[in-house]
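Asker: Handing you this structure, nothing more for now.
2 protein chains.
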Amino acid sequence: MPQTTQIGRKITLNDIAASCDVSRATVSLVLRGSPLVNKHTRARIEEELRKQGYVYNRAAANLRRRTSSSIALVINDIGNPFFAEFAAGVDEALGNSGFVTLLGSTGESSERQQMVLSSLVEHGPGGIILSPAEGSDSEQVLSAIGTHTPLLLFNREPVGGRPELSHWDLLALDNQNGGRLATEHLIALGHRSIAFFGGHADSSSCRQRRTGYVEAMQAAGLETPTALQIECVPTRTEAAHRCAALFDDNHRPTAAVCYNDAVALGLMLGLRQLGHQPGENFAVTGFDDIAEAALALPSLTTLSTDPRARGRQAAGMILQRMGDPFALASHTVAPVQLVVRASSCPPLSS
Amino acid sequence: MPQTTQIGRKITLNDIAASCDVSRATVSLVLRGSPLVNKHTRARIEEELRKQGYVYNRAAANLRRRTSSSIALVINDIGNPFFAEFAAGVDEALGNSGFVTLLGSTGESSERQQMVLSSLVEHGPGGIILSPAEGSDSEQVLSAIGTHTPLLLFNREPVGGRPELSHWDLLALDNQNGGRLATEHLIALGHRSIAFFGGHADSSSCRQRRTGYVEAMQAAGLETPTALQIECVPTRTEAAHRCAALFDDNHRPTAAVCYNDAVALGLMLGLRQLGHQPGENFAVTGFDDIAEAALALPSLTTLSTDPRARGRQAAGMILQRMGDPFALASHTVAPVQLVVRASSCPPLSS
DNA sequence: GGTTACCTTTGGATCGTTCCAAATTCCCGC
DNA sequence: GCGGGAATTTGGAACGATCCAAAGGTAACC
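Heads up: the protein sequence lines correspond to chains A and B, in order.
All residue numbers for the first sequence refer to my numbering, where the first residue is 556 and numbers rise by one.
All residue numbers for the second sequence refer to my numbering, where the first residue is 556 and numbers rise by one.
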């Protein structure tokens, strides 16, 4: 049983009504700016409201009106800058529409996600934006939130979704197109032997980005030998260590499309240790456009996902869904944008 | 008038009571785990609750009981990793105590802060954690939240606080001690000519950190000539540019205590361009322990403020205050911890 | 059987707001 | 002065839970 705390005595509609010698109903009309109430009465009441420091009790109103003025936002890790920016965008947009954000952080644990969801749902949010924890499955989620609260999934889909359950909206990034854009950019610069570097095939985002890479290469009639598709844990240090694998056989790549910015930065480090000059004789691209990408030397060409804008978009989507609970589920893929910086140079030979 | 949205028909206590042929009161007792109710009845009711997918309406309960189960968290910028981590800590701790976090982001605008605060207050949070936007003043804040909701200030104090208003709790970082610790560490390594680098004197945190530096230097009988106290905008690039100022005259520092990590990383860049080897013939310390500090080359000695732990602490403080609204305001200064890494080397000569 | 005590259950009022239908006041023309 | 429509105001019943005092049931004991 969760704890709660007493709060101090507050001024209510009744207090104001009594002081003004009118009924509760009239004061309520004033609060809602109804045109029904007489100018003079309104002025008197508004004065009294200010004088007594009245604060509206939205919970009570929501109870009576059977409405909600909050939206729950459940994120796997708020500490991650990508999600923090996303949250900022959500909150900004919701605030502008008069909604308040109920925050929940799951730390990538699906058990905690269950707890957080069922706690939040008790506060009666009008909708939920959820970026599912790894390994959480649809049935769990469904059982926690029931069928009455609209849900928008962000970034991933929970596993094991029986098709009949996926009536949920989805907002995802256009990973595939991003991979394609980066690759096309390198091809346009004149590169012919281009690697795909980093990430793991069991991550859906990595698979999607690599699909875009293969697509662009094939469209240009270029080869994508498996020797040029190098997996590694997506961290800076691992990427630096795996760098040498690029030159293991005779494909001699002159450029690499990296899974994300962390990998790209690590790769640049590794390249230097091997005597290459990223941005001068070897081109590198990333994905995410983290703050460091612009500051690195050379600055990193990457795909901007604009997480803050994604947040605003997610807010818009859930509000729309709340307006029309029976509309078909929308699966939206958000665009990503290529940001060209110094790390993507033309090949030396061209 | 903020917008709100209809939500679907939900199962209530009444529905369950009717199905089980008992009164609302009994069901309510079951929900709250009261020992009064008969084993057998409880089982029947619990079964029914599950079967019908009942979800507790905490808003209604809070209305009747005049309690709150939420806390508002208002942050100047959630996108900033420091605050994002802080928020994560707050949410984690509140969640564990059965409270829910109402999020608000102000983007450093005091007007927006007013709007956010008054909107949040209408949802009846049991308390508010506020990291004030720059330039917001106490009277504003007071008028937005009234005197009934406990407030905890984090990180800064709003300006213009008349003393009789500051009955608010405060959680701040021990900037001064941090500056002292870093400086003492360098002194212990054998450095004698140590600079304080970066930040602006009109920032209170910078002043406090520098005070700690001066304190340590004087305690060791060392000089702190103004030529070794170099101000600069606290960004990486500015720090790199100002680096040369360290060597403008004949003090020849062998180490620098930096205002924060961004400045320290920039300084290391600048040092290299001037032919020095940070971590080998010049020692550098930072402040904040951002994620990059551990990854930089050389890794950065810095002061960890552990924002996530600060968040947990803030949550604890506001809960405590809610438990005892009339206790004296507590002004807590959170410890910072020296994290020694590779960038703080001994001087070459020693 | 009646009294006591204990274990369970319950009706009805209440929290602060909104809804609704009906009541009251106002103003105007005849 | 009065009928009538418009403009205002209003009492009381909701919303979904909790509290409280009191009632019902059971069992034991004299």
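Idealized CB from N, CA, C, for every residue including glycine.
Within 8 angstroms (strictly less), CB to CB, does A/Ala643 reach chain B?
Answerer: yes
Asker: What does the alpha-carbon distance come out to for the pair A/Gly871 and A/Ile700?
Answerer: 20 angstroms
Asker: Under three-state DSSP, which class holds A/Ile562?
Answerer: For A/Ile562, the predicted model reports a pLDDT of 46, less than 50, meaning its position is unreliable; a value from the coordinates is still stated below. If DSSP states are grouped into helix, strand and coil, A/Ile562 belongs with coil.
Asker: Could you give the DSSP three-state label for B/Phe638: helix, strand or coil?
Answerer: helix
Asker: Per DSSP, B/Phe751 is paired with what?
Answerer: B/Gln784 and B/Val812
Asker: Could you round the C-beta distance between B/Val645 and B/Gly866 to whole angstroms and report it? I think they count as a contact, below 8 angstroms.
Answerer: 4 angstroms
Asker: Around the Cβ of B/His678, are there at least 16 other Cβ atoms within 10 angstroms (buried) or fewer (exposed)?
Answerer: buried
Asker: If we count the other Cβ atoms within 10 Å of its Cβ and call it buried at 16 or more, is A/Phe641 buried or exposed?
Answerer: buried
Asker: From A/Gln561 to A/Leu736, what distance separates their C-alpha atoms?
Answerer: With a pLDDT of only 49 at A/Gln561, under 50, the local geometry of the prediction cannot be trusted, and no value is derived from it.
Asker: On the DSSP letters alone, give me the boundaries of the beta strand (DSSP E) that B/Val655 sits inside.
Answerer: Val655 to Ser660
Asker: Tell me which same chain residues have a C-beta within less than 6 angstroms of the C-beta of B/Ala750, skipping the five on either side of it?
Answerer: Leu783, Leu801, Pro808 and Ala811
Asker: Can you name the start and end residues of the alpha helix (DSSP H) that B/Val671 belongs to?
Answerer: Ser665 to Val676
Asker: Would you say the stretch 752 to 760 of chain A touches the stretch 825 to 838 of chain A, given that touching needs at least three Cβ pairs under 8 angstroms?
Answerer: no
Asker: Would you please verify whether the beta carbon of B/Lys565 is less than 8 angstroms from any beta carbon of chain A?
Answerer: For B/Lys565, the answer is yes, since a Cβ of chain A falls inside 8 angstroms of its Cβ.
Asker: Smallest Cα separation from A/Asn612: which of A/Ile600, A/Leu568 and A/Glu603?
Answerer: A/Leu568
Asker: Between A/Asp646 and chain B, is any beta-carbon pair separated by less than 8 angstroms?
Answerer: yes
Asker: Check whether the Cβ atoms of B/Phe709 and B/Ile684 sit closer than 8 angstroms, and answer yes or no.
Answerer: Cβ atoms of B/Phe709 and B/Ile684: closer than 8 angstroms.
Asker: Kindly say whether A/Met556, judged by its beta-carbon, lies nearer than 8 angstroms to any beta-carbon of chain B.
Answerer: Because the pLDDT at A/Met556 is just 45, under 50, the model does not fix this residue reliably, and the point stays unresolved.
Asker: Can you tell me which of the three DSSP states B/Gly682 falls into?
Answerer: Three-state DSSP puts B/Gly682 in a strand.
Asker: Closer than 6 angstroms by C-beta to B/Arg896: which residues in its own chain qualify, once you throw out the five before and the five after it? Chain order, please.
Answerer: Ser854, Leu855 and Thr856
Asker: Please report the straight-line C-alpha distance between A/His595 and A/Asp570, rounded to a whole angstrom.
Answerer: 19 angstroms
Asker: Give the straight-line distance between the Cα atoms of A/Arg620 and A/Ala614, rounded to the nearest whole angstrom.
Answerer: Taking the straight line joining both Cα atoms gives about 10 angstroms.
Asker: At 4 residues or longer, what runs of the alpha helix (DSSP H) sit wholly inside the stretch 566 to 606 of chain A?
Answerer: 568 to 575 and 579 to 586
Asker: Taking the C-alpha atoms as reference points, what is the distance between B/Gly753 and B/Thr781?
Answerer: 13 angstroms
Asker: Report yes or no: is there a C-beta of chain B within less than 8 angstroms of the C-beta of A/Thr656?
Answerer: yes
Asker: Report, in whole angstroms, the separation of the C-beta atoms of B/His703 and A/Lys565, which I expect to be a contact under 8 angstroms.
Answerer: B/His703 to A/Lys565, Cβ: 6 angstroms. Contact.
Asker: Name the DSSP beta bridge partners of B/Pro833, please?
Answerer: B/Phe837
Asker: Within the same chain, show all residues whose beta-carbon is closer than 8 angstroms to that of B/Ala846, passing over the 5 residues directly before and after it, in chain order.
Answerer: Pro636
Asker: What separation, rounded to the nearest whole angstrom, lies between the Cα atoms of B/Gly588 and B/Tyr609?
Answerer: 16 angstroms
Asker: Given 8 angstroms as the limit, is there contact between the stretch 660 to 678 of chain B and the stretch 728 to 746 of chain B, that is, 3 or more CB pairs closer than that?
Answerer: No contact exists between the stretch 660 to 678 of chain B and the stretch 728 to 746 of chain B.
Asker: Distance check for B/Asp843 and B/Asn631, CA to CA, integer angstroms please.
Answerer: 18 angstroms
Asker: Which residue marks the beginning of the alpha helix (DSSP H) containing A/Ile873, and which one marks its end?
Answerer: Pro862 to Gly878
Asker: Measure the beta-carbon distance from A/Asn815 to A/Pro789 and round it to whole angstroms, keeping in mind my assumption that it falls under 8 angstroms.
Answerer: So it is a contact: roughly 6 angstroms between Cβ atoms.
Asker: Tell me whether B/Leu733 is buried or exposed, calling it buried when 16 or more other Cβ atoms sit within 10 Å of its Cβ.
Answerer: The question names Leu, yet the displayed sequence has Gly at residue 733 of chain B. Burial call: buried.
Asker: Under 8 angstroms Cβ-Cβ, which residues of chain A neighbour B/Pro636?
Answerer: Gly634, Pro636 and Ala639
Asker: Please list the terminal residues of the continuous beta strand (DSSP E) segment that includes B/Val894.
Answerer: Gln892 to Val894
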